[in-house]
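If you read the sequence shown in the UniProt record's numbering, its first letter stands for residue 1, the second for the next number, and so on.
Report on the following structure.
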Amino acid sequence: MSELEQQFIEMVEAVKNATINFQPNNIEKLKLYAFYKQATIGDIQGECPSVMNMVERAKWNAWNAIKGWSKEKAMQAYIDILKDK
Numbered sequence: 001m002s003e004l005e006q007q008f009i010e011m012v013e014a015v016k017n018a019t020i021n022f023q024p025n026n027i028e029k030l031k032l033y034a035f036y037k038q039a040t041i042g043d044i045q046g047e048c049p050s051v052m053n054m055v056e057r058a059k060w061n062a063w064n065a066i067k068g069w070s071k072e073k074a075m076q077a078y079i080d081i082l083k084d085k
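As structure tokens, then:
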């Protein structure tokens, strides 16, 4: 496992377990969601959700905006949001 992957896993666990003092706003939450999905799954698949489902559509749009990013770039972006918190 690379150092980047280890840092990413540590940050994900810190967010999951609330051991990091970070109160993200909605934009930061969407970015973290998108970076996590891109790092762990890769490019988004499927159709954009209906405008009636605003939360799922916002998540889809955030993830779709970084389509094509490498796993490593997404991991680093996730870490960068959290490292100064």
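By construction, the Cβ of each residue, glycine as well, lies at the ideal position given by its N, Cα and C atoms.
Check: With 16 as the cutoff for other CB atoms within 10 Å, does ALA65 come out buried or exposed?; Outcome: exposed
Check: Take LYS71 and list the residues in its own chain whose beta-carbon comes closer than 6 Å to its own, dropping the five residues that flank it on each side.; Outcome: ALA39
Check: Applying the criterion that 16 or more other CB atoms from any shown protein chain within 10 Å of the CB defines a buried residue, is ALA62 buried or exposed?; Outcome: buried
Check: Could you tell me the alpha carbon to alpha carbon distance between PRO49 and ASP80, rounded to whole angstroms?; Outcome: 29 Å
Check: Thinking C-alpha only, which one of GLY68, GLN6, ALA58 and GLU3 is nearest TYR33?; Outcome: ALA58
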